[in-house]
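Q:
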Amino acid sequence: MFRNIIKNLTSVPMCLLVSFLFLLSSPAHAQMKGLRKGSLPNGLTYYIYNDGSASGDAQYYLYQNVGAIMENKDEMGLAHVLEHLAFNTTDHFPTGVMSFLRKNNLNDFEAFTGVDDTRYAIHNVPSTNDELNDKVLWILRDWCHGIKITPQDVEKERGIILEEWRHRAGVNRRLTDAIAPVVYNQSGYATHNVIGSIDFLQSFQQKQVKAFYDKWYRPNLQFIAVIGDVDLDKTEAKIQSIFKTLPNKLAPAVDAQVRNIPVNDKPLYLRFIDPENKSASFGLYQRYETPGNIQEEARIRQFIFTKFFNTLAPKRFAMLKNADKEKFIAADLSLSPLVRDYSQMAWDMVPYQGEAQAALQQLLAVRATLRDKGFTEAEFNAEKEAMYNGMKDVLEAKGLGTPDNALMLFRQNYLYGIPVKDFRSQISRNLETLVELEVSDINAWLKTLLDDKNLAFVTYSKSKEEMNITEDEFNTALKNASSNDDLAQAANVKPITNLIDYNLVPGKITSETTLKKLQSKVWKLSNGARVIYKYVPEAKGRFFFAGSSIGGKSVVPATELANYTAMRSLLMQSGVYNYNRNQLAQWLQGKDLNLSLSLEDYSDGIGGSAAVANADDFFGYLHLVLSKQNFSKAAFDKYIQRSVYLYDNRPLSGMEAVQDSIRQLLYPVSALNPRQDEKFFHSMQYDQLAEQFQKHLGDASGFTYCLMGDIPEAKAKELITRYIASLKGSGKPAVTSVTPLDFAASAPVIKHTFETETDGGMAEIEISYSNKQKLTDREQAALEVLRALLERRYFDVLREKEHLTYTIGVQSTYNSQPEASENLSIHLSTAAEHIDRVLTLVYQFIEDVKAGRISADDFKAAMVPLAVQEEDANAQPNTADPSLWMGLLNVYAETGEELSPSDSSSSEPVFKTLTEQDIAQVATKILTQAKQREIIVKPVVHEGKRTFK
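Per the numbering used here, the sequence shown starts with residue 5, numbered consecutively.
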């Protein structure tokens with residue numbers, strides 16, 4: 005019950021870590037500790053980095069400063085083709101790089117081709133294996149200039165890339181290709197989509213690939229990086245020895261105009277009309293030149309201002325919605341990288357039906373207000389404090405920076421000559437700039453940012469009649485944007501001076517029990533609730549809170565499902581007590597606290613965390629959320645309108661429409677699984693929302709709460725009795741009847757083929773098995789090995805050998821509550837003419853596994869990575885980690901089992917004791933008499949039309 009609530013509550017968010025690492029310090033500071041950089045006579049650059057934090061493994065990278073933008077009109081797609089060929093035959097790996105990696109249990113490798121560059125990586129190479137590390141360096145060397153590009157490899161990868169093309173086909177790619185000319189103003193970026201055209205992929209020749217490779221894959225456009233637990237001197241010597249064998253030949257100079265995007269003084273305009281568009285909408289896109297080699301202070305300011313903008317600017321739309329003044333169903337705003345040395349501001353909006361013009365005027369009014377008036381001092385200062393605290397938290401984290409973070413720093417050094425600096429020094433430098441900034445600085449930046457250059461306006465619709473905002477209408481609205489200031493303004497916000505302005509009568513702790521292993525207390529409250537408390541000073545000024553009760557959708561009668569759905573969707577949408585959402589947002593500014601409600605399938609919950617200094621605010625807010633939740637009629641009416649609109653505008657053709665038909669086939673409509681259509685939404689009753697809330701979150705007696713952190717017991721008792729024990733409660737937990745949420749069709753076997761319009765003749769195949777067998781811990785482990793075994797086998801045969809697909813996904817799940825159930829599913833895409841062959845191979849290997857026909861190599865390859873993960877998970881726990889204690893408190897709350905940290909890590913390993921027979925037995929157990937589903941979606945074949953082959 006607590007798992008979804010406590011997730012991510014107890015650690016420094018990785019987004020903060022990543023966000024604050026990419027600003028680089030001035031040349032006056034020392035180079036990053038543990039970094040060795042060098043270059044070879046042939047032009048290759050290398051970076052070796054070991055800061056002492058990694059233990060036992062190393063990461064290997066090749067960065068190639070060539071992407072799709074370098075292709076001429078007769079090469080469109082070859083950069084991506086090379087990325088595929090790199091894992092095949094090379095000078096020193098005649099049986100193929102991928103074959104070598106997988107045989108040596110190096111399963112974590114990747115490659116990515118972009119418009120500007122190409123990156124390769126091999127992760128988690130055991131650093132104690134010198135021979136293996138040498139081999140991986142030879143792989144990097146061959147990638148630099150040792151890929152064989154044999155006729156056999158070219159034809160093999162052609163088939164796989166064609167399947168990838170099919171896999172990517174659909175409305176999203178059509179949209180991206182269609183709007184590229186206005187987003188990139190007819191530059192080279194508008195025509196280079198990485199994968200290329202279907203005609204070219206069918207016809208390119210081996211000699212074309214070799215010519216592209218020989219021209220561009222040269223040392224002067226490459227760097228390698230080795231990051232992790234390695235010896236700098238030994239690794240450098242190996243690199244110098246291995247990579248000196250690369251030919252000393254330069255790639256051609258790159259014309260600066262290749263990556264140039266011309267300025268457009270007037271807005272560009274496009275209508276994208278496609279029957280598979282999900283909703284009628286429009287977007288306003290503005291392009292900015294953001295050179296990577298600008299001065300340090302300007303670079304830091306640009307980064308910090310962007311973070312401010314992406315946090316504060318979207319709140320303007322939220323404030324309009326909170327004030328019931330929005331003309332839109334949804335609105336989104338962001339400023340982010342576009343391509344090398346360019347960024348893009350994207351404003352996207354889905355208007356209410358019939359409000360397209362008004363919504364456009366509102367978007368442009370918000371934009372004009374930001375340009376002319378900027379941010380207020382109050383919102384700037386609140387966000388400045390939050391950003392400052394975030395940077396300080398990152399500085400205090402033990403592990404600072406991931407290998408991928410370091411690679412991006414090396415990339416900036418390689419491309420722009422920006423010095424690579426110590427992570428902590430970089431963040432400290434960012435803090436220095438942040439504290440000096442004033443609201444006038446960012447507002448001046450906004451004024452220059454939000455001009456009318458390099459704009460593109462795009463409408464998205466299913467038909468010509470829908471979302472028909474003409475180019476003249478847009479230009480007129482843009483010209484008059486400043487005169488519509490009232491459309492951008494929410495109502496004045498009355499500040500909250502005293503959150504709880506009435507007499508709150510505290511409850512009591514009626515009993516106390518000590519949990520010796522957990523070194524915790526259990527308090528029974530006068531309202532029937534239970535609180536598990538643990539003091540953890542290692543939380544350093546923070547505390548974490550979670551509460552859960554049996555409930556969720558599983559306890560809702562069919563007659564109440566519509567009202568429950570509405571209540572769940574409208575939680576926290578109308579404020580609490582006498583306060584609207586804008587008042588609460590203003591009150592929360594500058595407070596280090598977060599709180600969320602969670603209504604899941606089988607549980608109702610609440611969770612959050614805060615600084616101990618904000619504990620009274622946190623628990624006061626929590627009390628109001630649970631005791632005085634508001635549901636406004638205006639918000640309810642708009643929710644109904646929005647839901648009906650989205651239902652009426654759902655796709656009626658293409659893959660999205662087929663997915664709806666598949667759901668109805670596999671999960672038939674019933675009283676407990678109603679179709680969410682107009683009738684369903686119109687059956688919702690506003691006057692029932694509060695009652696639904698009370699049933700799920702209004703009775704404290706059914707809840708168990710966990711309070712853990714750096715909050716002394718006396719203070720914790722004071723907060724609990726005042727704010728939690730005072731909540732309404734019947735005094736004893738109610739007996740709750742849980743209904744398993746299994747809406748699957750009862751037929752033992754369902755096999756069905758759907759036909760629809762698809763691009764490139766692509767077909768989708770989904771095969772699944774579901775059963776209700778109770779599995780032991782050992783059998784659950786065997787099920788996970790079975791999943792890995794199938795996925796690996798299908799990859800080897802269907803993709804690598806037969807070239808029938810681009811990607812294969814195999815998933816397995818096991819649930820023990822409220823009843824035992826397991827599911828195994830296989831999903832892939834292929835050409836329509838390959839469907840029968842694919843099905844034969846998929847079922848053949850399932851039967852092989854059930855019969856025990858499993859090779860030792862396949863079994864070991866599937867089992868070993870899972871066994872390694874298990875050993876890592878069972879390592880000595882860090883008792884200073886708050887998330888460990890929250891997890892253990894959760895186990896006790898759900899099961900009554902009291903585990904110490906040592907207990908939680910002392911279980912005997914299971915995976916490495918499994919045998920091939922165990923896998924065969926669990927496959928037989930869960931697949932025999934299981935419900936089987938085989939769903940195929942294939943393209944319609946039109947009379948006289950040649951399908952793609």
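Yeah, the Cβ is synthetic: ideal placement off N, Cα and C, and Gly gets one too. Model, not experiment: these values are computed from the prediction.
1. From the DSSP output, in three-state form, read off Arg344 for me.
2. Count the other C-beta atoms from every protein chain shown that fall within 10 angstroms of the C-beta of Glu826, then say buried if there are 16 or more, exposed otherwise.
3. Any chance the region 336-348 sits against the region 302-322, with 3 or more Cβ pairs inside 8 angstroms?
4. Indicate the three-state DSSP secondary structure (helix, strand or coil) for Gly765 in the structure shown.
5. Run through the region 186-215 for me and flag every whole alpha helix (DSSP H) of 4 or more residues, listed as ranges in chain order.
6. Whose C-alpha, out of Ala241, Glu901, Ala570 and Phe216, is nearest the C-alpha of Gln645?
7. Based on the DSSP secondary-structure assignment, which residues constitute the bridge partners of Thr708?
8. Go through the region 248-316 residue by residue and report every complete run of the alpha helix (DSSP H) that reaches 4 residues or more, in order.
9. Anyone know if the C-beta pair for Ile151 and Ala215 falls short of 7 angstroms?
10. Tell me whether the region 719-737 and the region 621-630 touch, counting them as touching only if at least three CB pairs, one residue from each stretch, are closer than 8 angstroms.
11. Starting from the C-beta of Gly47, find all residues in its chain whose C-beta is less than 6 angstroms away, skip the five residues before and the five after it, and write them out in chain order.
12. Let's see if you can read the secondary structure: which residues bound the beta strand (DSSP E) around Ser816?
13. Comparing alpha-carbon positions, which option in Thr154, Thr474 and Arg585 lies nearest Tyr273?
14. Reducing DSSP to helix, strand and coil, say where Ser887 ends up.
15. Just list the alpha helix (DSSP H) runs in the region 740-810, keeping only unbroken ones of 4 residues or longer that don't cross its boundaries, in chain order.
16. In this structure, how does DSSP classify Ile473 when only helix, strand and coil are distinguished?
17. What are the start and end residues of the alpha helix (DSSP H) that includes Ile644?
18. Quick check: the Cα distance between Lys468 and Ile277, rounded to an integer number of angstroms?
19. Quick one: which unbroken alpha helix (DSSP H) runs of 4-plus residues sit fully inside the region 824-895? Chain order, please.
20. Out of Ala372, Asn653, Gln815 and Gly60, state which residue places its alpha-carbon closest to the alpha-carbon of Glu280.
21. For Val944, name the three-state secondary structure that DSSP assigns.
22. Val846 to Met323, Cα distance in whole Å?
23. Grab me the residues of Pro31's own chain with a C-beta within less than 7 angstroms of its C-beta, minus the 5 sequence neighbours each way, in chain order.
24. Assuming Thr928 is part of the alpha helix (DSSP H), what are its boundary residues?
25. Indicate whether at least one CB of chain D lies closer than 7 angstroms to the CB of Leu411.
26. Taking C-beta to C-beta, are Ala83 and Thr132 nearer than 7 angstroms?
27. How many whole angstroms separate the CB atoms of Asn677 and Phe747, which I take to be in contact at a CB cut-off of 8 angstroms?
28. Taking Cβ to Cβ, would you say Arg679 is nearer than 7 angstroms to Val673?
29. With Ser515 as the anchor, note down where its alpha helix (DSSP H) starts and where it stops.
30. Using CA atoms only, rank isn't needed, just tell me which of Lys776, Gln784, Lys864 and His831 is closest to Ala824.
31. Please determine, among Val262, Thr501, Gln365 and Phe113, the residue with the shortest C-alpha to C-alpha distance to Arg344.
32. Do Ser647 and Leu731 count as a contact pair if the criterion is CB distance below 7 angstroms?
33. To the nearest whole angstrom, what separates the beta carbons of Met766 and Ala173, a pair I think is in contact under 8 angstroms?
34. Quick one: what's got a C-beta closer than 6 angstroms to Arg585's C-beta in the same chain, skipping five residues either side?
35. Alpha carbon to alpha carbon, how far is Asp861 from Asp852?
36. Give me the residue from Ser530, Ile199, Ser59 and Ala125 with the minimum Cα distance to Asp235.
A: Taking the geometry as given:
1. On the sequence shown, residue 344 is found 340 positions in, with the first residue counted as 1. In the structure shown, the three-state DSSP call for Arg344 is coil.
2. The residue you call residue 826 lines up with position 822 of the sequence shown. Label assigned to Glu826: buried.
3. A contact is defined here as three or more CB-CB pairs under 8 angstroms, and the region 336-348 meets this definition with respect to the region 302-322.
4. Taking the sequence shown and counting its residues from 1, the one referred to as residue 765 is at position 761. In this structure, Gly765 counts as helix in the three-state DSSP scheme.
5. If only complete runs of 4 or more residues are kept, the region 186-215 shows the alpha helix (DSSP H) at 202-207, in order along the chain.
6. By one-based count along the sequence shown, residue 645 stands at place 641. Residue nearest to Gln645 within the set Ala241, Glu901, Ala570 and Phe216 is Ala570 (criterion: CA-CA distance).
7. The sequence position of residue 708 within the sequence shown is 704, counting from 1. As a beta-bridge residue in DSSP terms, Thr708 pairs with Arg534 and Ser552.
8. Fully enclosed alpha helix (DSSP H) runs of 4 or longer: 300-316.
9. Start at 1 with the first residue of the sequence shown, and residue 151 comes out as number 147. Start at 1 with the first residue of the sequence shown, and residue 215 comes out as number 211. Taking 7 angstroms as the cut-off, the Cβ atoms of Ile151 and Ala215 do not count as close.
10. Three or more Cβ pairs closer than 8 angstroms define a contact, and the region 719-737 meets that threshold against the region 621-630.
11. Your numbering for residue 47 matches position 43 in the sequence shown. Pro223 and Asn224, listed in sequence order.
12. By 1-based counting over the sequence shown, the position of residue 816 is 812. Unbroken beta strand (DSSP E) run through Ser816: Ile812 to Asn819.
13. Position 269 of the sequence shown, counted from the start, is the residue given in the question as residue 273. Nearest to Tyr273 by alpha-carbon distance, out of Thr154, Thr474 and Arg585, is Thr474.
14. Here residue 887 refers to the residue found at position 883 when the sequence shown is read from its first residue. In this structure, Ser887 counts as helix in the three-state DSSP scheme.
15. Entirely contained in the region 740-810, the alpha helix (DSSP H) runs reaching 4 residues are, in chain order, 781-798.
16. The residue given as residue 473 occupies position 469 in the sequence shown. In the structure shown, Ile473 sits in coil (DSSP, three-state: anything other than H, G, I, E or B).
17. Looking up residue 644 in the sequence shown gives position 640. Run containing Ile644: Lys637 to Asp652, per the alpha helix (DSSP H) assignment.
18. Counting from 1 along the sequence shown, the entry for residue 468 is found at position 464. Counting from 1 along the sequence shown, the entry for residue 277 is found at position 273. Lys468 and Ile277 have their C-alpha atoms roughly 7 angstroms apart.
19. For the region 824-895, whole alpha helix (DSSP H) runs of length 4 or above, ordered along the chain, are 839-854 and 860-877.
20. Locating residue 280 in the sequence shown gives position 276, counting from the first residue. Closest by alpha carbon: Asn653.
21. To locate residue 944, count along the sequence shown from 1; it is residue 940. Secondary structure at Val944: coil, using DSSP grouped into helix, strand and coil.
22. Here residue 846 corresponds to residue number 842 of the sequence shown, with the count starting at 1. Here residue 323 corresponds to residue number 319 of the sequence shown, with the count starting at 1. When rounded, the distance between both Cα atoms is 52 angstroms.
23. Position 27 of the sequence shown, counted from the first residue, corresponds to residue 31. Any answer about Pro31 is weak, because its pLDDT of 33 lies below 50 and its placement is not dependable; what the coordinates show is given next. The beta carbon of Pro31 sits closer than 7 angstroms to those of Pro423, all from its chain and outside the five residues before and after it, given in chain order.
24. On the sequence shown, position 924 is the one that residue 928 refers to. Per DSSP, Thr928 belongs to the alpha helix (DSSP H) from Glu920 to Leu931.
25. Given the protein chain composition of this structure (a single chain), no chain D is represented.
26. Against the sequence shown, residue 83 aligns to sequence position 79. Against the sequence shown, residue 132 aligns to sequence position 128. No, they are not a contact pair.
27. What you label residue 677 is simply residue 673 of the sequence shown in a count that begins at 1. What you label residue 747 is simply residue 743 of the sequence shown in a count that begins at 1. Indeed they touch by this definition, with Cβ atoms about 4 angstroms apart.
28. Within the sequence shown, numbered from 1, the residue matching residue 679 stands at position 675. Within the sequence shown, numbered from 1, the residue matching residue 673 stands at position 669. A contact, by the Cβ cut-off of 7 angstroms.
29. Taking the sequence shown and counting its residues from 1, the one referred to as residue 515 is at position 511. No alpha helix (DSSP H) contains Ser515, which is instead part of the beta strand (DSSP E) from Ile513 to Leu519.
30. Within the sequence shown, residue 824 is the residue found at index 820, counting from 1. Distances from the CA of Ala824 to each of Lys776, Gln784, Lys864 and His831 were compared; the closest alpha carbon is that of Lys776.
31. Sequence index remark: in the sequence shown, residue 344 carries index 340 (1-based). Cα-wise, what sits closest to Arg344 is Val262.
32. The residue given as residue 731 occupies position 727 in the sequence shown. The residue given as residue 647 occupies position 643 in the sequence shown. Not a contact, by the Cβ cut-off of 7 angstroms.
33. Taking the sequence shown and counting its residues from 1, one reaches residue 766 at position 762. Taking the sequence shown and counting its residues from 1, one reaches residue 173 at position 169. The pair is a contact, with the Cβ atoms about 6 angstroms apart (cut-off 8 angstroms).
34. Taking the first residue of the sequence shown as position 1, residue 585 is located at position 581. These residues qualify, in order along the chain: Asn326 and Gly579.
35. One-based indexing of the sequence shown puts residue 861 at position 857. One-based indexing of the sequence shown puts residue 852 at position 848. If you draw a straight line from the Cα of Asp861 to the Cα of Asp852, it comes to about 15 angstroms.
36. By one-based count along the sequence shown, residue 235 stands at place 231. Scanning Ser530, Ile199, Ser59 and Ala125 for the CA closest to the CA of Asp235 turns up Ser59.
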